[in-house]
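Here the structure is laid out as structure tokens; the discussion comes afterwards.
Chains as they are written, first to last, in my numbering: chain A, 222 to 756; chain B, -18 to 24.
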């Protein structure tokens, strides 16, 4: 809180804000830092998306067209690292920064200087990571999973990759600490844990996951670093090490990471669907417990990523059944979202459209996940395009659509202006159509046996690859509407009042739009909380 | 200074204490997995 006081002393007297570059570089304001996170995430989304376009371009036809296999593998590796650590996670942290203090009636995050540090680590991490394209040996090409011994063959980029991953991890851990400390200590009087909005709940649970697993990734890559440079043999079989142990450690991080990427989307959808159904969320407490159950289960399913590596039958059964168990709390959530809409007065503005698409398409990704959980079936699917289709259904119409729903929901609050709803609907429909054209055929390719991470393929896979590539180009072009819409909104949007959406509830809607630079400088009154905290 | 931005000493203490606690937990996970790998490697 000392940081809050310092910030307040210097700036709050007349609610003026610093100007020029100092406002951003030295910022301790949660809204400014949230904006920087979101802009950074958007930039990374387009860089990572650019890599995806190049991948789809290469795969448009069989044979090598544009890239040698090394470059192709670099593109897939960097696409994953940029999208996961550069686009999705910073987007969630940006939304958390903007919304958690507003939704809890808090004046700012609990640790504003730490918040500044968490953000400013990221541009350095990604400059380092992206500059690997220009060093001898090229960018990392061993996959985002960084399995040894393959990753140890990376050239000059290796220490840059490891340091970048460490920086990203440090940024995430610091951000998570800030979120937990804010939620546990800065709630306005009267906002008990079970009166918190679902977005705050899902972020709290996400932050616990981050603190538990990001250090595990850091530990794993530290061991890779010492194996490479200091003669240790943690994962080198020739020296008595065990490369499979890296996979266990990595996936102990990697599976909860999937939930780190998706849980805040559950929170957003739980905010959006009640608003546009004009009904309270069905089963609020069940949603909280379901989120916590999913988070707990995410720690005991990691080896389903490694069935073909070889493990005892009992372990296979355990990981298969524990993975399937996740369908239960996830099913609770899907049921509750559907029940919220039941007999509601629905309207279909862009946030609701993205939330509905999330509901249908994320469920498709969940179902293919259940198929992959079946050990004997997984032996068939492993390392095919079926897996690529599965996790892209979870991460694109799941996570990315969740982020879009959140941005379209709160953008009027942030800017004080309503955006062009028609353009938003165009963005939605083009995205929703092309995302299916892009990823659904990849199920067929995988089931037909096309391996993932290859720049060339047998000619019988050509047709569906072309369909998929056309979907990819369409999806990529459709995303250009998003920055255009935001620019138009800022420049010429129609001013709105406190509440952008008729059915919206929550403390954030009790503030003016846009909220003042320092909001909730006095905690909300009981009456405001009662009005705002209806679920 | 706006009243809401003032934090009581007790709240400051709680913020500092919980931030340190979670930082320590993160550090413990980092060290524990490396120690686990070392122990396993020396068996």
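Beta carbons: idealized from backbone N, C-alpha and C, even for Gly.
Quick one: Cα of residue i to Cα of residue j, how far?
| i | j | result |
| --- | --- | --- |
| residue 608 of chain A | residue 477 of chain A | 17 Å |
| residue 245 of chain A | residue 332 of chain A | 17 Å |
| residue 306 of chain A | residue 628 of chain A | 19 Å |
| residue 482 of chain A | residue 579 of chain A | 14 Å |
| residue 273 of chain A | residue 541 of chain A | 31 Å |
| residue 725 of chain A | residue 357 of chain A | 54 Å |
| residue 644 of chain A | residue 711 of chain A | 14 Å |
| residue 385 of chain A | residue 10 of chain B | 19 Å |
| residue 537 of chain A | residue 588 of chain A | 19 Å |
| residue 561 of chain A | residue -8 of chain B | 38 Å |
| residue 495 of chain A | residue 267 of chain A | 31 Å |
| residue 3 of chain B | residue 670 of chain A | 45 Å |
| residue 415 of chain A | residue 715 of chain A | 35 Å |
| residue 354 of chain A | residue 556 of chain A | 46 Å |
| residue 625 of chain A | residue 417 of chain A | 22 Å |
| residue 263 of chain A | residue 312 of chain A | 8 Å |
| residue 258 of chain A | residue 544 of chain A | 33 Å |
| residue 516 of chain A | residue 326 of chain A | 26 Å |
| residue 636 of chain A | residue 499 of chain A | 24 Å |
| residue 347 of chain A | residue 387 of chain A | 11 Å |
| residue 564 of chain A | residue 514 of chain A | 28 Å |
| residue 658 of chain A | residue 622 of chain A | 16 Å |
| residue 234 of chain A | residue 689 of chain A | Confidence at residue 234 of chain A is low in this model, with a pLDDT of 45, below 50, so the placement of that residue should be treated as unreliable; the coordinate-derived value is given next. Cα-Cα distance, rounded: 56 Å. |
| residue 739 of chain A | residue 429 of chain A | 28 Å |
| residue 520 of chain A | residue 431 of chain A | 12 Å |
| residue 550 of chain A | residue 310 of chain A | 23 Å |
| residue 226 of chain A | residue 631 of chain A | Only weak support exists for where residue 226 of chain A lies, its pLDDT of 38 falling under 50; the value from the coordinates is given anyway. Between residue 226 of chain A and residue 631 of chain A, the C-alpha separation is close to 28 Å. |
For residue i, which residues from the same chain have a beta carbon less than 6 Å from its beta carbon, with the 5 sequence-adjacent residues on both sides left out?
| i | result |
| --- | --- |
| residue 21 of chain B | none |
| residue 239 of chain A | none |
| residue 444 of chain A | 455 |
| residue 254 of chain A | 248, 318, 336 and 340 |
| residue 526 of chain A | 472 |
| residue 383 of chain A | 442 and 446 |
| residue 231 of chain A | Confidence at residue 231 of chain A is low in this model, with a pLDDT of 41, below 50, so its placement is unreliable and the value that follows should be read with caution. No residues qualify anywhere along the chain. |
| residue 732 of chain A | 740 |
| residue 265 of chain A | 303, 307 and 308 |
Near residue i, what residues of its chain come up, given a Cβ to Cβ distance below 7 Å and the 5 sequence neighbours on each side ignored?
| i | result |
| --- | --- |
| residue 699 of chain A | 648, 651, 652 and 655 |
| residue 269 of chain A | 300, 303, 304, 307 and 308 |
| residue 512 of chain A | 422, 423, 426, 484 and 487 |
| residue 729 of chain A | 320, 323, 324 and 634 |
| residue 279 of chain A | 286, 287, 288, 293 and 676 |
| residue 668 of chain A | 607 |
| residue 468 of chain A | 368, 527 and 530 |
| residue 665 of chain A | 685 |
Leaving out five residues on either side along the sequence, give the residues of the same chain with a beta carbon under 8 Å from the beta carbon of residue i.
| i | result |
| --- | --- |
| residue 18 of chain B | none |
| residue 598 of chain A | 592 |
| residue -18 of chain B | In this prediction, residue -18 of chain B has a pLDDT of 38, which is less than 50 and means its spatial position is unreliable; what the coordinates show is noted afterwards. The answer is none, since no qualifying residue turns up. |
| residue 702 of chain A | 644, 647, 648 and 651 |
| residue 378 of chain A | 353, 356, 358, 359, 360 and 361 |
| residue 502 of chain A | 419, 491, 494, 495, 508, 557, 561 and 756 |
| residue 228 of chain A | With a pLDDT of 39 at residue 228 of chain A, under the threshold of 50, the modelled position of that residue is not reliable, and the figure given next carries that caveat. Closer than 8 Å at Cβ, skipping near neighbours: 249, 250, 329 and 333. |
| residue 457 of chain A | 369, 370, 373, 448 and 464 |
Less than 8 Å between the CB atoms is what I'm expecting for residue i and residue j, so what's the real figure, rounded?
| i | j | result |
| --- | --- | --- |
| residue 373 of chain A | residue 449 of chain A | 5 Å |
| residue 470 of chain A | residue 437 of chain A | 6 Å |
| residue 396 of chain A | residue 314 of chain A | 5 Å |
| residue 493 of chain A | residue 573 of chain A | 6 Å |
| residue 582 of chain A | residue 533 of chain A | About 36 Å; that fails the 8 Å criterion. |
| residue 590 of chain A | residue 613 of chain A | The pair is not a contact, with the Cβ atoms about 12 Å apart (cut-off 8 Å). |
| residue 440 of chain A | residue 15 of chain B | 5 Å |
| residue 276 of chain A | residue 297 of chain A | 6 Å |
| residue -5 of chain B | residue 399 of chain A | At roughly 14 Å, the Cβ-Cβ gap does not stay under 8 Å, so residue -5 of chain B and residue 399 of chain A are not in contact. |
| residue 283 of chain A | residue 678 of chain A | 5 Å |
Does the beta carbon of residue i sit closer than 8 Å to a beta carbon anywhere in chain E?
| i | result |
| --- | --- |
| residue 426 of chain A | The chain inventory of the structure shown lacks chain E, comprising the protein chains A and B. |
Using a Cβ cut-off of 8 Å, which residues of the segment 453 to 465 of chain A contact any Cβ in chain B, in chain order? 454, 455, 461, 462 and 463
Exercise. Taking the runs of the alpha helix (DSSP H) that are 4 residues or longer, which of them lie wholly in the segment 284 to 309 of chain A?
Worked result: 290 to 302
*What residues in the segment 437 to 448 of chain A bring their beta carbon closer than 8 Å to a beta carbon of chain B?*
437, 439, 440, 441, 443 and 444
Select from the segment 396 to 423 of chain A all residues with a C-beta closer than 7 Å to any C-beta belonging to chain B, and list them in chain order. 398, 401, 402, 405 and 406
Interface positions of the segment 690 to 704 of chain A facing chain B (Cβ-Cβ less than 9 Å), listed along the chain
none
Q) Got a sec: which bits of the segment 328 to 358 of chain A sit with their beta carbon under 8 Å from any beta carbon on chain B, in order along the chain? A) 328, 329, 331, 332 and 335
Uninterrupted alpha helix (DSSP H) stretches inside the segment 570 to 636 of chain A (no shorter than 4 residues): 571 to 594, 596 to 602, 606 to 615 and 622 to 636
Which residues, in chain order, does the segment 597 to 631 of chain A contribute to contact with chain B at a C-beta distance below 7 Å? none
Practice problem: Enumerate, from N- to C-terminal direction, the unbroken beta strand (DSSP E) stretches of 3 or more residues contained entirely within the segment 360 to 435 of chain A. | Solution: none
Secondary structure, alpha helix (DSSP H): runs of 4+ residues fully inside the segment 664 to 751 of chain A:
683 to 700 and 702 to 713
Just list the alpha helix (DSSP H) runs in the segment 449 to 520 of chain A, keeping only unbroken ones of 4 residues or longer that don't cross its boundaries, in chain order.
464 to 498 and 505 to 518
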